[in-house]
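In full-length UniProt numbering, the protein residues as written are 1 to 460. Contents: one structure, followed by commentary.
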Amino acid sequence: SSNVNISSASSSWSNNNNLCSSSSIKISCISSSSNLYSHSSFSVVRRCVKVLSGQEYAAKIINTKKLTARDHQKLDREARICRLLKHPNIVRLHDSISEEAHHYLIFDLVTGGELFEDIVAREYYSEADASHCIQQILEAVLHCHQMGVVHRDLKPENLLLASKSKGAAVKLADFGLAIEVEGEQQAWFGFAGTPGYLSPEVLRKDPYGKAVDLWACGVILYILLVGYPPFWDEDQHRLYQQIKAGAYDFPSPEWDTVTPEAKDLINKMLTINPAKRITAAEALKHPWISHRSTVASCMHRQETVECLKKFNARRKLKGAILTTMLATRNFSGGKSSKKNDGVKVRASSSAASSSSSLLFKPRTKTPEVHTHTHTHTHTHARTHKLLTCLSLSLSVCLSICLSVRKQDIIKVTEQLIEAISNGDFESYTITCPSPQYYLSALGNLVEGLDFHRFYFENCE
């Protein structure tokens, strides 16, 4: 990995501890298996070291040459907001450094990976553990709200662990969509967030405020307890209808072993009316959290862990599909379209959502049955499958063929599509030049062929 020295005479910390004064920051490539912070085509995360002390940090490096004036405003807003937040459960920004072609945001180096990935690796996981996890998330959210900040993009990808150590603190990351509000101000700040975690008021395009974060906490808590989301549909429009109606339930048998207090907290978080929704401060006083030792169950939840493994795999593969859509669009000279202020979906996101939803169907959420002819239904299913095939195939092609002729890319793609259509994973792996390649976008990393194998085993 290469090292880069950043002179930063102009940079300083708000607490007068200058990370780079009279020296430089040495930056080296961070392990590609780490998923520290979300990044995009304009930014990347690198490990950096304070030369004088040897202290390690994480540097988010943004290529400012490609940024628009609006992008610069968003970058300034993110840095300003992150400077405000100093809490043990929030990834802290230590410095913001501008140079001619790049901007550097210097954060805590968190090495524990995603919270949800850690949970599935544990030998023991209980309702009490879920209570402890959501407590730390709520502590972070409460601090944000006390500082006049609404995160707007709470989701598993942004919940990290400080280290690999047992009992490491949960850290809230990625304030790229965060906004500043005055007190309990309600206003229309734009359509921003991630589909499954959007609140009803955002979907209705009503004025909104801090309560949107509590709705997302409710979705996260639901997943922490059973391993699948409360709202799900392969069609994004129907998903939004579910959310706006607050159409979720606690089906048997998985919810039979969850305490009434846990369900009560979820109900208070997933209250449609934001004015009646529980606040972060109130949630922290809820008995299921404040009296965890006597209220929350300590029974190991093996089925939750198994469902969570599938949920994690779906998230990662969906990220790879979105990566491919973005990469193919850029490769062909096109541009991705952005929705309003920062919704993390693109013009073709409904197709990506449909494709990835083939990989994970919670038992309790049966897709709507259409009353079309058999031929039409069969064609519809094949279309969705082909979309996934194309995305997976192109992800391989793009990772190995960007420097060769268009005809060669088409040839390899056709071979991959044939292997996928026949369900022939062996031929698929032979076509791939190596099982060790990496794709990443929107904070999602795919390593080797693990998630491609998952598709072959679950596509039906």
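We put the beta carbon where it would ideally sit given N, CA and C, even for glycine. Model, not experiment: these values are computed from the prediction.
What do you reckon, are the CB atoms on residue i and residue j nearer than 7 Å?
i, j, result
"L221", "I119", "no"
"L177", "A280", "no"
"K268", "F250", "no"
"Y115", "L172", "Reading off the sequence, residue 115 comes out as Leu, not Tyr. No, they are not a contact pair."
"L265", "H286", "yes"
"I106", "V150", "no"
"H300", "Y124", "yes"
"residue 481", "S131", "The chain is shown only over 1 to 460; residue 481 falls outside these bounds and no answer can be derived."
"K166", "T194", "no"
"I272", "P200", "yes"
"V91", "Q136", "no"
"V181", "G148", "yes"
"A58", "L93", "no"
"P230", "Y248", "yes"
"S98", "A79", "no"
"G209", "Q242", "no"
"A187", "P274", "no"
"A283", "L85", "no"
"A192", "R152", "yes"
So, is the C-beta of residue i closer than 7 Å to a C-beta in chain B?
i, result
"S297", "Among the chains of the structure shown, chain B does not appear; only one protein chain is present."
Can you tell me whether DSSP reads residue i as helix, strand or coil?
i, result
"C48", "strand"
"I62", "strand"
"F311", "helix"
"K338", "With a pLDDT of only 44 at K338, under 50, the local geometry of the prediction cannot be trusted, and the value read off the model is given with reservation. Residue state, collapsed to three classes: coil."
"H452", "helix"
"Y428", "helix"
"H300", "strand"
"S290", "helix"
"S53", "coil"
"S43", "strand"
"V295", "helix"
"E306", "helix"
"V149", "strand"
"S11", "Low local confidence applies: a pLDDT of 40 at S11 is under 50, so the model's placement there is unreliable, with the coordinate-based value given in what follows. The answer is coil: DSSP assigns S11 none of H, G, I, E or B."
"K365", "Any reading at K365 is ruled out, since the residue's pLDDT is 40, under 50, leaving its predicted position unreliable."
"S2", "Reliability fails at S2, whose pLDDT of 44 lies under 50, so the model's placement of it is uncertain and the value that follows must be treated cautiously. Coil at S2, not helix or strand."
Tell me the residue span of the alpha helix (DSSP H) that contains residue i.
i, result
"Y240", "236-245"
"V212", "211-226"
"I272", "Premise fails: I272 is in no alpha helix (DSSP H) and is neither H nor E."
"E78", "69-84"
"E282", "280-284"
For the putative contact between residue i and residue j, defined by C-beta atoms under 8 Å, what is the C-beta separation to the nearest angstrom?
i, j, result
"Y240", "L203", "5 Å"
"E127", "L225", "7 Å"
"V49", "K60", "Not quite, the Cβ-Cβ distance comes to about 15 Å (not below 8 Å), so this is no contact."
"F175", "I81", "5 Å"
"K164", "G112", "5 Å"
"C307", "G196", "Incorrect: roughly 15 Å between the Cβ atoms, too far for contact."
"H102", "N158", "Actually they do not touch by this definition, with Cβ atoms about 23 Å apart."
"N89", "A168", "Their Cβ separation, rounded to whole angstroms, is 11 Å, which puts N89 and A168 out of contact at 8 Å."
| field | Any beta strand (DSSP E) of 3 or more consecutive residues that is wholly inside the region 152-199 | value | Here the runs fully enclosed are 159-161, 170-172.
| alpha helix (DSSP H) runs wholly inside the region 90-144, at least 4 long, in chain order | 115-121
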